Structures are given as structure tokens and as C-alpha cells.
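K.L.:
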Amino acid sequence: MTQSNGETCLQRSRVQQLRDGFTERSQRARNTVQNISTDDVKGFFRRNAFVILTIAAVVIGIILGFGLRPYKMSYREVKYFSFPGELLLRMLQMLVLPLLVSSLITGMAALDSRASGKMGGRAVVYYTTTTIIAVFIGIVMVLIIHPGRGSRDEFTKQEKIEHVSPADAFLDLIRNMFPPNLVQACTQQFKTQYGKRVVTVKVLVNETLFSLNNGSQELRREEVIPVLGTVNGINALGLVVFSMCFGFIIGSMKEQGQPLRDFFDCLNEAIMRLVAIIMWYTPLGILFLIAGKIVEMDDISEMGGQLGMYTITVITGLLIHAVIVLPLLYFLVTRKNPFVFIAGLLQALVTALGTSSSSATLPITFKCLEENNNVDKRVTRFVLPVGATINMDGTALYEALAAIFIAQVNDMDLNFGQILTISITATAASIGAAGIPQAGLVTMVIVLTSVGLPTDDISLIIATISTCDVLKTSEGALM
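Residues 309 to 787 in the numbering used here are what the sequence shown lists, from first letter to last.
1) So, is Arg569 buried or exposed, given that buried needs 16 or more other C-beta atoms within 10 angstroms?
2) Spatial neighbours of Ile445 within its chain, please: C-beta separation below 8 Å, excluding the five flanking residues on both sides.
3) For the ligand ZN, I want to know if Gln566 counts as a neighbour, meaning its beta carbon is within less than 7 Å of at least one of the ligand's heavy atoms.
4) Please return the same chain residues whose Cβ sits closer than 6 Å to the Cβ of Phe714, not counting the five positions on each side in sequence.
5) Give the DSSP-derived three-state secondary structure of Leu451 in the structure shown.
6) Looking at the structure shown, is Thr500 part of a helix, part of a strand, or coil, going by DSSP?
7) So, with DSSP's three-state summary, where would you put Arg643?
8) Counting C-beta neighbours from all protein chains within 10 Å, is the total for Thr757 16 or more, i.e. buried, or is it exposed?
9) Nearest-angstrom Cα distance between Arg483 and Phe498?
10) Whole angstroms is fine: what's the gap from Ser473's alpha carbon to Gln726's?
11) Applying the 10 Å Cβ sphere with the 16-neighbour rule, what's the burial state of Asn521?
12) Go through its chain and collect everything with a Cβ distance to Asp461's Cβ below 6 Å, but skip five positions before and after it.
13) Would you check if the distance between the CB atom of Gln716 and the CB atom of Gly541 is smaller than 8 Å?
14) Taking Cys553 as part of the alpha helix (DSSP H), name the residues at either end of that continuous run.
15) If contact is defined by three or more beta carbon pairs under 8 Å, each pair taking one atom from either stretch, is the stretch 389-408 in contact with the stretch 608-617?
16) Between Ile370 and Ile608, is the Cβ-Cβ spacing less than 8 Å?
17) CB Phe596 to CB Gly393, shorter than 8 Å?
18) Starting from the Cα of Pro534, find the closest Cα among Lys504, Lys562 and Val687 and give me that residue.
19) Look up Arg457 in the DSSP assignment and say whether it is helix, strand or coil.
20) In its own chain, which residues sit with a C-beta less than 8 Å from the C-beta of Met530, not counting the 5 before and 5 after it?
21) Which partner residues does Asn537 have in the DSSP bridge list?
22) Looking only at C-alpha atoms, which of Phe478, Thr538 and Leu490 sits nearest to Gln501?
23) On a Cα-Cα basis, can you pick out the residue from Val691, Thr673 and Met587 that is closest to Arg398?
24) Which stretch, first to last residue, makes up the alpha helix (DSSP H) that contains Cys574?
25) Identify whether Val648 lies in helix, strand or coil by the three-state DSSP scheme.
26) If I follow the unbroken alpha helix (DSSP H) through Pro591, where does it start and stop?
27) So the candidates are Val691, Leu396, Ile413 and Phe724; which of them puts its Cα closest to the Cα of Phe550?
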């Protein structure tokens, strides 16, 4: 009886503590709201101007698109109307090549100096492994759920990708990883094509009941043979392999490689500043892309259902990676409760949700790990900067999933080699992605280009990017 009374008192005390904590937080929130000044409001809008403009552009684009649908615009009129959005896509495509090369070379060159020791090697292996797992989860989720099922209307339907045998697709993958001409790799990819040739076969003629002639006879038949060919489009896979190897070699050259490191660092900084300028045009481009896409759609309800399933697929994949895979890895390595460790990172997770920026979250992550989880400063100061460079699990998962979703919407059948290309390119593009909001919009173009998917269909998923960006950044804080 005494034990039962003790448990009851303990439960009451816990409930009272929760109530007191809730009351204290509510009072603190009220005080914060009361103390908000005009300068605070202006500062908030100034800090989040880009995000606010992007969300406003999405909303206005949706309203404008539905408002124009009753006018039954022709294909030519829709293309004219969507021209500002087309300019945005062209500017992003313009940056693909220099951004891909410069970011990977600088990232790998800097990585060698940071990861020269045992701790650095382990960090790189861990980050690379989790990124590969994230890409695998994204691909499995989109192939199982198949959110893009259904066909596009004749207005926008693309031709199916030509069927290639698995063996030829795998060989194409290897060929594209090692292009014989880097200049050609900037404009063309290798792809097996099929031709026919006439084959002459000599057949020995034996005696039969009605033939006493012995000799040979020539038979002619046609057979399909693989022929090495090329298709237009950047060979992103070959450039990724070359840039990563080249950057690693530059980093290993120490002082001798410093001039090249400085050159590519400067090039990367210039490209990123150009990206930052173009990003301010993004809200206007997004507005017309979304409005134009809504106008040209034949069945809005079908596309709405596909986008809803796509968003659910992305969120489910991110949750599986963040709530199951990462805690499981932590438990297997440390044999400790992962959720106690995650509780110590709560402030960093909230910051990630509010800013959608891994760079802005990094200082808070330092504080949480060192003060709440008692991690050695020597470890955090070394490992976290490496993670900020190469650890973009959420971005890799999202981009691989989005690329296959766009292929499904366009009724395109991707072969094994193309899915593997998406996996490798998404992993590499996530390594080169800057830790700023909407950087995934640029790297998404790289992934789509690598397998020849239509880049203008990025407009289909723009409305979901902001939501997914918050979740991706929050997941990155757990790394």
C-alpha cells in the first residue's frame, strides 16, 4: 500500500513539474511577444526575405494559374507566358558545369587536409555511408510507393526512354565514368544504341532421301547489335569522377598544389556569388513556372494527388533515415540510448527548423554537443566542419527521389544504369551543395541532366521544396 502511495505521489510530482514547465514557457513566450518591437519585425523580414518571397511566389503562381485556366490558352500562349520561368531554368543550367566542377574540386582538396588522420578517415567513411544509405532509402521508397504513376497529357508528354539491356546499361555507366575527352563530356554522354547487320552463315548440307548433293549453303539473316553512340547532355558522372579525383590529388600535394587550390577556391566563390544573385530572381521565375504548369495541365486532380503522394514519400523517407537508421547506427557503435543523445541536440534541431540553413545551425550544434552531450571540443571542432562540407544526407535522398518521380510523371522507364547514375550523381551533388537554403534547386538540375530528364519539370516540385528543405536541414543537424 505504501509503495502504491509512493508511486502515486511520484506521478503527481511529475505532472506538476510538467505543468510548471509549461506555465513558465508560456509566460516566457508572452513576455517575448510583448517585447517585440518594429525593429525586430523588420529584422525578421530582412533575414527571411528570400524564403518569404519564395512562398509568396508559390501562392501567387497557384492563384494566377487557376485564374487563367478558364481562358483555354494555346500551347504557344502558355510558352510565351512561362518565358520568365524558362529564363530561370536556363540560368540554372548555365551554372551546372562550373558549379559541379569547382565545388567538388575545392571540397575534395579541403577534405584531404582535414581527413588526414584516423579520426578524419572515420568521419569521412561514416558520412559517406549515411549518404549512400539515404540515397538507397529514397530510391526504394519512390519505386515502391510510385507516387508519379499515371501519364501526362499530350501537351507535355515525353517519349519513353529507349529500352537498353541491363548489361549495356551497366557498360554505359562505366563508359560515362571515364570519358576519353573532357571537352566532349561537357556536352555529350555515351549511350548504347542498336543497329542491324546482315550476317552470312555457312550451313553444311547433308544427304537426304531426295538429295544426293553434298556441299555448303550460305544463309543470310539480320541480327541486332549494340553500337556505341552519344546523346546530347552534360556527362555529369564523368565530370564528377574526374573532379573528385583531381581535387583529392590537389589536396595531397600540400604546398605544391596550393596555387591550384587557391584558383578553384576563388572560382567556386565567384560561382556561388553568381548563384546568390540568380537566387533573388528565383521567386519571379517560380511564379511563372508554377502558373504556366497549372494552365497546361489537363487533369489537375491527378497531378495534385501525385504531388501529395510525392510529399508523403519524401517525408516518410526522411523520417525513416532520421528516426530509425541514424539512431540504430548510433546504438550499434556506442551501445547507448540514441534518443538521450538526440534530446541534447534539441536546440540545434529547433534552429534548423527555423532557419532551414545548416550553416546557421552549425554554431548551435557545437554548443549542444559540447555542453549538453559532453563531447570533447577537439572532436567537434574537427568533425563538424567536415560534416558541413560533405554531409548532406537529406539533400541526396530528396534529389534521387525527385528525379525518379519526375521520370514516373513523364511515363519514362529508367533502366538500372540510369538509376545507378542518379544515385552516384545525387551523392556527389549533395557533397558539393552549399549549406544555404534552396541550394538543392541548383543541384537538382545536375541530377536531372545526368540522365536526360526534362529540367522544366522542376516546377512540379517547387511548391514542396520549402517544406522538404526544413526537414532536410533538421535531419542534417542529427549527423
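Think of the CB as a built atom: it goes at the ideal place given N, C-alpha and C, for glycine as much as any other residue.
Note that the structure is predicted; figures quoted are calculated from it, not measured.
P.N.:
On the basis of the coordinates in this document:
1) On the sequence shown, residue 569 is found 261 positions in, with the first residue counted as 1. When all chains shown are included, Arg569 counts as buried.
2) Walking along the sequence shown from the start, residue 445 turns up at place 137. For Ile445, the CB contacts under 8 Å within the same chain, skipping 5 residues up- and downstream, are Gly625, Ile628, His629, Val633 and Leu705 in chain order.
3) By its list of ligands, the structure shown contains no ligand whatsoever, and the ligand ZN lies outside what it can speak to.
4) Within the sequence shown, numbered from 1, the residue matching residue 714 stands at position 406. Correcting the residue identity first, residue 714 is Ile in this sequence and not Phe. Counting only residues of its own chain and dropping the five nearest sequence neighbours on each side, Ile714 has a CB closer than 6 Å to the CB of Leu761 and Asp765.
5) As a first step, residue 451 is located in the sequence shown; it is residue number 143 there, counting from the start. Under the three-state reduction of DSSP, Leu451 is assigned to helix.
6) Sequence index remark: in the sequence shown, residue 500 carries index 192 (1-based). Note: Thr500 maps to strand in three-state DSSP.
7) Numbered from its first residue, the sequence shown carries residue 643 at position 335. In this structure, Arg643 counts as coil in the three-state DSSP scheme.
8) Translated into the one-based positions of the sequence shown, residue 757 becomes position 449. With 16 or more Cβ atoms within 10 Å of its Cβ, Thr757 is classed as buried.
9) Along the sequence shown, read from residue 1 onward, the residue named residue 483 stands at position 175. Along the sequence shown, read from residue 1 onward, the residue named residue 498 stands at position 190. For Arg483 and Phe498, the distance between alpha carbons rounds to 7 Å.
10) As a first step, residue 473 is located in the sequence shown; it is residue number 165 there, counting from the start. As a first step, residue 726 is located in the sequence shown; it is residue number 418 there, counting from the start. Using only the alpha carbons, I get a separation of about 12 Å.
11) Along the sequence shown, one-based indexing puts residue 521 at 213. Confidence at Asn521 is low in this model, with a pLDDT of 46, below 50, so the placement of that residue is unreliable and no value is reported for it.
12) On the sequence shown, position 153 is the one that residue 461 refers to. Its pLDDT being 48, under 50, Asp461 is placed unreliably by the model, and the measurement read from it follows with that caveat. Asp606, listed in sequence order.
13) Counted from its first residue, the sequence shown places residue 716 at position 408. Counted from its first residue, the sequence shown places residue 541 at position 233. No. Outside cutoff.
14) As a first step, residue 553 is located in the sequence shown; it is residue number 245 there, counting from the start. Residues Ala544 to Ser560.
15) As far as the Cβ criterion goes, the stretch 608-617 does not touch the stretch 389-408, which means the pair count is below three.
16) Counting from one through the sequence shown, the residue named residue 370 turns up at place 62. Counting from one through the sequence shown, the residue named residue 608 turns up at place 300. For the pair Ile370 and Ile608, the CB atoms are not nearer than the 8 Å cut-off.
17) By 1-based counting over the sequence shown, the position of residue 596 is 288. By 1-based counting over the sequence shown, the position of residue 393 is 85. In this structure, Phe596 lies near Gly393, with their beta-carbon atoms less than 8 Å apart.
18) Locating residue 534 in the sequence shown gives position 226, where the first residue counts as 1. Residue Lys504 is the option with its Cα nearest to Pro534.
19) Translated into positions along the sequence shown, residue 457 becomes position 149. Coil at Arg457, not helix or strand.
20) In the sequence shown, residue 530 corresponds to position 222, counting from 1. Reading off the sequence, residue 530 comes out as Glu, not Met. Excluding sequence neighbours, Glu530 sits near Lys504, Arg505, Val506 and Val507.
21) In the sequence shown, residue 537 corresponds to position 229, counting from 1. It should be pointed out that residue 537 corresponds to Gly in this sequence rather than to Asn. The partner list for Gly537 (beta bridge, DSSP) reads Lys499.
22) By one-based count along the sequence shown, residue 501 stands at place 193. Checked all of Phe478, Thr538 and Leu490; the closest Cα to Gln501 is Thr538.
23) For this step, residue 398 is matched to residue 90 along the sequence shown. The shortest CA-to-CA distance from Arg398 to any of Val691, Thr673 and Met587 is the one to Met587.
24) Counting from 1 along the sequence shown, the entry for residue 574 is found at position 266. It spans Gln566 to Met587 - the alpha helix (DSSP H) in which Cys574 sits, taken as one unbroken run.
25) If you number the sequence shown from 1, residue 648 lands on position 340. Three-state DSSP puts Val648 in a helix.
26) Reading the sequence shown from its first residue, position 283 is the one you call residue 591. DSSP places Pro591 inside the alpha helix (DSSP H), whose first and last residues are Thr590 to Glu604.
27) Within the sequence shown, the letter at position 242 stands for residue 550. The shortest Cα separation from Phe550 among Val691, Leu396, Ile413 and Phe724 belongs to Ile413.
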